[in-house]
Each structure stands twice: as structure tokens, then as C-alpha cells.
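Have a look at the structure below, then the notes.
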Amino acid sequence: MTHLTVSLAADEGLAEAVGEVPGVNFVTWNLDGPPPVPQLDLVVPPYWGGNRQLAKLAEAEVRLVQWQSIGFNGVEKYVPAGVPVANASTVHETSTAELALGLALAAQRGIPEFVRQGDVCEWQLRSFPSLADRRVLIVGYGGVGKAIEARLAGFEVRVDRLARSTRVDRDASGNEVPVRGFDELHEALAGAEVVFLGVPLTAETTGLIDATALAAMPDGALLVNVARGPVVDTDALVAELTAGRLRAALDVTDPEPLPASHPLWKCPNLLVTPHVGGDSSAMLPRMAALIHRQIAHLQRGETPENLVLGEWPLAERHA
22 MTHLTVSLAA
32 DEGLAEAVGE
42 VPGVNFVTWN
52 LDGPPPVPQL
62 DLVVPPYWGG
72 NRQLAKLAEA
82 EVRLVQWQSI
92 GFNGVEKYVP
102 AGVPVANAST
112 VHETSTAELA
122 LGLALAAQRG
132 IPEFVRQGDV
142 CEWQLRSFPS
152 LADRRVLIVG
162 YGGVGKAIEA
172 RLAGFEVRVD
182 RLARSTRVDR
192 DASGNEVPVR
202 GFDELHEALA
212 GAEVVFLGVP
222 LTAETTGLID
232 ATALAAMPDG
242 ALLVNVARGP
252 VVDTDALVAE
262 LTAGRLRAAL
272 DVTDPEPLPA
282 SHPLWKCPNL
292 LVTPHVGGDS
302 SAMLPRMAAL
312 IHRQIAHLQR
322 GETPENLVLG
332 EWPLAERHA
């Protein structure tokens, strides 16, 4: 059996969730000081702490970094050249889709307004739009987009899908479905009453939902963003919300955290949660399961899952 040295972040419950693994020596490292040992087969940085902490990896010989988020934008600026990075696909999709659906339902059925009325013991009958029978557009058809679609299955909506390129893909149930490309974005937005954003943040998706894209959406449409804040032009969104033409439910914003003085807070028709999409009780056991699989891949000499940066053969030469 190949023996490995694996570092886990402290005080996140991760070490307890992972437990003991035959042939593995676990050490604790939050990337806030010198590495505990000079060579590490797998490094799992803290979930919180940002990308800059990854610069500490240069002080050790590292075979693989297991990032705890799906998104990895900016990671390449700090990870030493040649160190492969895997993202946390399979860990956050379910929770993120769950929150996306919750945001959409809350916004559609007026839950924020009813909660505020309840705080002052006020009973005010008012009708809100259903989610049923709405034309829904999912922008981004990777793990999160497919998970959102799966959770919409029982809500009697009409789903359209859009991603970087036109293709025929398979949904979470394995059925073939058509996916439109970014070149049809404005046309697709014009036909949508509820829009879910689940794209990764890249140069191509930064500002994807700009003033022109927002203007293409019909009056009263709802924008649900569980992707990354910079996917949406915040100033353009503020203008549409202030005018009362569109509605939004955001788990991510730009900037983030959203300052108390930011005009977005004062916008009507807005629901905001503080970037908690993937941070639920489902995260820890799924993260532990991914780490177990990555360890098994390393012990068997296999290519790890979810590689998003670096080349694995290069990592093997440093083993």
C-alpha cells in the first residue's frame, strides 16, 4: 500500500469527518504558518480564508491541492507553478441548488414581505405569482445547473437551458436535452420569467448579465444568482430594481461582502443571502467522501478527480 501524508485544515470538523485511513498520516495545516512536513501528497486548505493563503504552498513539496469550493477563480495567481488543483465538484451542487430553489420560491410567493408583516403582527392578504407554469431559464448547465433543474421537476415549469456552447447534453436523470449557446443569451432571456445563474466565473462570464442582458428580460422577471457576484453588472441591476421593472434573489453579490452603505440593500424587489449556497450540513460529509476518493486514487496511482489546474503527469514526476 502506498503511504501518504495528507494535511487537513483545523477547526472545521474535517479531520473528525474524514477519520482514520489505512496508510495515511494526517497532519494539521491551515496555511497560516510553515508546513508541518516538507512533503505533502494532498493538501486540503481551509474552506474560509481566500486564495492568498495558497502562496504558502511554495514552502512545501505538494502533489495535489484539494480545494473545498467548486469555484476556483483567482486560485491560479497564488498556487505555485506545476502544483495541480482539484475543485470540490460533487460537494456543493445539491445545497446550492436547494438554496436557489428556496430563493426562487420565496421571491415568487412573497415570503420576505409576509415575514416583515409578521414581525409587526400585521395580516395583509396579497396575491403573488406562482412558480408553476413559469418559463424558466438556467444559465450554466454544469453540476449546479443540472441540480437546479432536477429540483424543478415537480414544479410544473417550462425549462430552457443555456451554456457556453450549443449542444445536446444529458440532465441529472440521464435524458438527452437541448442546450443553447451564449450567442443566444438575449433571445433566451427575453423568453424567461425566472432566470437561474449557475455559471463559473471566467473572463467570458464576468459581466455576462450586463445592462443589455437585463434589458432583454421581460417586465417582472426574477433573476436568481447562485453563481458569482461579478457575473452580473451590479450597477445595471440596481438601476433595474430601483425602477421596479425586475426582481432579484441573490446569494452572491459584487462586491462581497456587500457593504452596509451599498445601494443594492435599498432596492425594492430584492432578496439577499450572504453567499451560503454550498455551506450547509450536507457539505462536511460530502467533502470527507471526496477526500477519501482522492486518497484512494493516489494510493492506486490513478488520476485524481476534478482536476481544474495543472497536469497530473507533472505531479507524478514530483511524487
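In the working numbering, the protein residues as written are 22 to 340. Glycine is no exception: its CB is placed at the ideal position from the N, C-alpha and C atoms. None of these values were measured; they are calculated from a predicted model.
Beta-bridge partners of residue i, as assigned by DSSP
i: V198; result: D190
i: S28; result: V48, V64
i: E82; result: Q60
i: R147; result: Answer by DSSP bridge pairing: none, since R147 is not bridged.
i: V112; result: Answer by DSSP bridge pairing: none, since V112 is not bridged.
i: A107; result: Q87, L328
i: I230; result: V253
Same chain only: Cβ atoms within 6 Å of residue i, ignoring 5 sequence neighbours per side
i: P284; result: V259
i: P150; result: Q129
i: V327; result: With the sequence shown as reference, residue 327 is identified as Asn, and Val is not the correct amino acid for it. Counting only Cβ-Cβ distances below 6 Å, and skipping sequence neighbours, we find A107, N108, S110.
i: R185; result: F203
Own chain, CB closer than 7 Å to residue i, minus 5 neighbours either side, in chain order
i: E114; result: G164, V165, A168
i: G265; result: P289, N290
i: E97; result: L330
i: Y34; result: For clarity, residue 34 is Gly in the given sequence; the question names Tyr instead. Within the same chain, G34 has close Cβ partners L305.
Cutoff 8 Å; reference residue i; Cβ partners in own chain excluding five residues on either side
i: A127; result: P133, A270, L292
i: V178; result: L152, A153, D154, R155, R156, V157, V215
i: R191; result: E197, V198
i: E15; result: This structure cannot settle anything about residue 15, because the visible part of the chain is limited to 22 through 340.
i: E225; result: R185, F203
Three-state class that DSSP yields for residue i in the structure shown
i: F217; result: strand
i: L183; result: strand
i: Q89; result: coil
i: V136; result: helix
i: L210; result: helix
i: V157; result: strand
i: A237; result: helix
Residue environment, residue i, which counts as buried when at least 16 other CB atoms sit within 10 Å
i: P43; result: exposed
i: N246; result: buried
i: Q145; result: exposed
i: S116; result: buried
- Any chance the stretch 75–82 sits against the stretch 98–117, with 3 or more Cβ pairs inside 8 Å? Segments in contact, yes.
- Item | Contact between the stretch 197–210 and the stretch 233–250 (3+ Cβ pairs under 8 Å) | Yes, since at least three Cβ pairs between the stretch 197–210 and the stretch 233–250 fall closer than 8 Å, the two stretches touch.
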